[in-house]
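The sequence shown begins at 2 in this note's numbering and counts up by one.
C-beta: ideal position from N, C-alpha, C; glycine also.
Take a look at the structure below.
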Amino acid sequence: MKKIRILISIILLVAFSIVCLSLAADLKYVGSAKSNKYHYPNCKWALKIKPENLVTFKSAKEAMAGGYVPCKVCKPPTKE
């Protein structure tokens, strides 16, 4: 019984990881509705953005068209 629980837990963890990675693949850059900077999703400043203020971009061009400028910490590209 204990082995079955462990196996189910591992399967759920792997499935969750796959879903998260597939969602992250579509997400290249993030910004905040409260600022004018865009970041890589793993930037220390991006991680502080509240979920309700999170804005996502598929390209640097899209972010810049929205009036955002690149973060000086994580230095995302200005052209793609």
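Pairing LYS29 with CYS72 gives a Cβ-Cβ distance that is not under 8 Å. Under the three-state reduction of DSSP, LEU48 is assigned to helix. Listed in chain order, the non-local C-beta contacts of PRO78 below 6 Å within the same chain comprise ALA61, local neighbours out to five positions each way being set aside. Assignment of beta-bridge partners to VAL74 by DSSP yields no partner. Looking at the backbone, the Cα of VAL74 and that of GLU53 are separated by about 23 Å.
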